[in-house]
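**Q** Going by the working numbering, the sequence shown opens with residue 563, and the numbers climb by one from there.
Note that beta-carbon positions come from the ideal geometry of N, C-alpha and C, so glycine has one too.
So that we are looking at the same thing, I have put the structure below in structure tokens.
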Amino acid sequence: MLQPEAAFGYDSGVIRRQFLQTVAAGGMGLSIPTLCRGQQPTTHTYKTAAGCEIQADVYGASPGASKPAVMWIHGGALIVGSRKGLGGQFHTGLLQLGYVVVSIDYRLAPETKLPAIIEDVQDGYRWMRAQAGPFGIDRERIATGGGSAGGYLTQMTGFCLEPRPRALVSYYGYGDIIGPWYSEPDEFYRHEPLVSKEDAYAAVGSKALSEPPRGSQRGKFYLYCRQNGLWPKEVAGHDPHTDAKWFDRYCPIRNVTAKYPPTILIHGTNDTDVPYSLSQDMDAKLTQVGVEHEFITVPGAGHGLSGAKPEEIAQAADRAVQFVKAHMK
């Protein structure tokens with residue numbers, strides 16, 4: 563049973579390999595990797611930048627229709643993952659309601675830094691609206707959603723897109739990227755075999771890319787960043803210890819106003835990759851500013867809702883679908 567968020571705290575001592583399991587599943591992050599059965603997407607290049615073709619998969623397109631739509635943003639710490647990780651009951655529920663779902667790629671870090679990643683998300687949204695006719699999308703009824711780092715980018719869309727999305731769905735996302743959880747060595751990840759700087763950089767390159775190559779070891783770079791508290795610096799190209807102010811525009815929690823879209827937050831209490839407290843903090847900020855929102859806590863669940871009961875995952879997905887539906891009228 564989903565419980566009120568205040569009844570649970572963050573426990574960092576369980577489910578040791580959650581992130582690596584998420585990477586192995588494609589970086590999308592939902593615990594049930596059920597693909598959108600019976601739905602074959604069409605693939606489109608929505609942008610080319612730095613010699614990199616950036617693509618989107620479109621599900622449920624109906625040319626000439628006027629259907630509500632959701633732009634989905636994959637997770638993977640901005641370092642791994644791709645649009646192909648789409649799956650799970652939230653997406654299936656949307657498609658059953660007749661929505662269009664557009665799953666976008668973006669250029670990955672560290673080869674591409676955070677400002678350009680945000681530009682990709684903005685350009686993907688503009689492209690999606692520009693193609694509303696061919697895809698059968700009502701350009702005035704678009705929501706955004708994502709898991710983990712995709713949840714972070716979803717929270718960014720609450721103030722970096724124009725017009726703003728009708729609703730946001732943030733699965734275990736975060737609104738602060740320079741807190742100690744990301745900018746200091748993480749003891750949870752330091753229990754893993756330590757990754758050397760040489761091995762970390764051997765796993766990435768210098769050329770822009772929007773999908774990890776087959777057999778990629780990019781997860782090593784993420785582990786190195788978490789073990790040494792370097793994720794913000796490596797992803798953004800700025801040091802939060804000496805240039806914290808620069809990060810203001812990239813921390814959603816610092817940019818919440820009364821104009822922020824209705825938001826649903828979903829998080830497990832035992833998440834050892836993205837602390838549950840990050841969604842608690844966003845919930846408090848949204849409450850303070852008066853933004854309509856819901857906060858769904860999944861007690862005992864880890865990152866990607868790992869360890870949750872199937873009925874808990876189904877309940878959360880249904881709540882998210884109904885939340886989006888309520889704000890598409």
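Nearest to V731 by alpha carbon, out of P603, E856, L840 and G649?
**A** Counting from one through the sequence shown, the residue named residue 731 turns up at place 169. Cα-wise, what sits closest to V731 is E856.
**Q** Since V683 contacts T719 with CB under 8 Å, what's their CB separation in whole angstroms?
**A** The sequence position of residue 683 within the sequence shown is 121, counting from 1. The sequence position of residue 719 within the sequence shown is 157, counting from 1. With a Cβ gap of about 7 Å, V683 and T719 count as contacting.
**Q** Give a yes or no on contact between the segment 659 to 670 and the segment 611 to 627, applying the rule of three or more CB pairs nearer than 8 Å.
**A** Yes, the segment 659 to 670 is in contact with the segment 611 to 627.
**Q** Can you tell me where the alpha helix (DSSP H) with I704 in it begins and where it stops?
**A** Along the sequence shown, read from residue 1 onward, the residue named residue 704 stands at position 142. Per DSSP, I704 belongs to no alpha helix (DSSP H); it is in the beta strand (DSSP E), I699 to G709.
**Q** Could you tell me how far apart the beta carbons of E796 and C787 are, in whole angstroms, since I believe they sit closer than 8 Å?
**A** For the purposes of this step, residue 796 is identified with residue 234 of the sequence shown, where counting begins at 1. For the purposes of this step, residue 787 is identified with residue 225 of the sequence shown, where counting begins at 1. Right, the Cβ-Cβ distance comes to about 5 Å (below 8 Å), so this counts as a contact.
**Q** Whole angstroms are fine: how far does the CA of S839 sit from the CA of K891?
**A** Locating residue 891 in the sequence shown gives position 329, counting from the first residue. Locating residue 839 in the sequence shown gives position 277, counting from the first residue. Whole-angstrom Cα-Cα distance: 32 Å.
**Q** What are the complete alpha helix (DSSP H) segments, minimum 4 residues, inside the segment 629 to 668?
**A** Runs of the alpha helix (DSSP H) inside the segment 629 to 668: 651 to 658.
**Q** Ends of the alpha helix (DSSP H) at Y812?
**A** Here residue 812 is taken as the residue at index 250 of the sequence shown, counted from 1. Run containing Y812: none; DSSP gives neither H nor E here.
**Q** Among R701, P794, V818 and G735, which has the Cα closest to the Cα of P549?
**A** Nothing about residue 549 can be reported from this structure: the residues present for the chain run from 563 to 891 only.
**Q** Answer with buried or exposed for T584, where buried requires no fewer than 16 other C-beta atoms within 10 angstroms of its C-beta.
**A** Position 22 of the sequence shown, counting from 1, holds the residue named residue 584. Confidence in T584 is poor, its pLDDT being 44 and thus under 50, which makes the residue's placement unreliable; the coordinate value appears in the next sentence. Buried: at least 16 other Cβ atoms inside 10 Å.
**Q** Which class does K695 belong to by DSSP, given the choice of helix, strand or coil?
**A** Position 133 of the sequence shown holds residue 695. Here residue 695 turns out to be Gly, not Lys, going by the sequence shown. Three-state DSSP puts G695 in a helix.
**Q** Ends of the beta strand (DSSP E) at A820?
**A** Stepping through the sequence shown from its first residue, residue 820 is reached at position 258. It is not in any beta strand (DSSP E) - A820 carries neither H nor E in the DSSP assignment.
**Q** Measure the C-alpha to C-alpha separation of F809 and S745 and round it to an integer number of angstroms.
**A** By 1-based counting over the sequence shown, the position of residue 809 is 247. By 1-based counting over the sequence shown, the position of residue 745 is 183. Rounded to the nearest angstrom, the two C-alpha atoms are 12 Å apart.
**Q** In the DSSP assignment, the alpha helix (DSSP H) including Y546 goes from what residue to what residue?
**A** Outside the displayed span of the chain (563 to 891) sits residue 546, for which this structure offers no information.
**Q** Could you tell me the alpha carbon to alpha carbon distance between H753 and G737, rounded to whole angstroms?
**A** Taking the sequence shown and counting its residues from 1, the one referred to as residue 753 is at position 191. Taking the sequence shown and counting its residues from 1, the one referred to as residue 737 is at position 175. Each residue's Cα considered, the two are about 26 Å apart.
**Q** Could you check if V851 is buried or exposed, using at least 16 other CB atoms within 10 Å of its CB as the buried criterion?
**A** Within the sequence shown, the letter at position 289 stands for residue 851. It counts as exposed.
**Q** Please work out which residues of its chain come closer than 6 Å, Cβ to Cβ, to F721, disregarding the five sequence neighbours upstream and downstream, and give them in chain order.
**A** Within the sequence shown, the letter at position 159 stands for residue 721. These residues qualify, in order along the chain: N817.
**Q** Opposite Y621 in the DSSP bridges: which residues?
**A** By 1-based counting over the sequence shown, the position of residue 621 is 59. The partner list for Y621 (beta bridge, DSSP) reads V663.
**Q** By the three-class DSSP mapping on this structure, what secondary structure does S841 have?
**A** What you label residue 841 is simply residue 279 of the sequence shown in a count that begins at 1. In the structure shown, S841 sits in a helix (DSSP, three-state: H, G or I).
**Q** Does the segment 611 to 618 come close enough to the segment 754 to 766 that 3 or more CB-CB pairs lie under 8 Å?
**A** These segments do not touch.
**Q** Quick check: A870 and A863, are their CB atoms within less than 8 Å of each other?
**A** On the sequence shown, position 308 is the one that residue 870 refers to. On the sequence shown, position 301 is the one that residue 863 refers to. Yes, Cβ-Cβ distance for A870 and A863 is below 8 Å.
**Q** Please determine, among G707, I641, A806 and K807, the residue with the shortest C-alpha to C-alpha distance to P824.
**A** On the sequence shown, position 262 is the one that residue 824 refers to. Ranking G707, I641, A806 and K807 by Cα distance to P824 puts G707 first.
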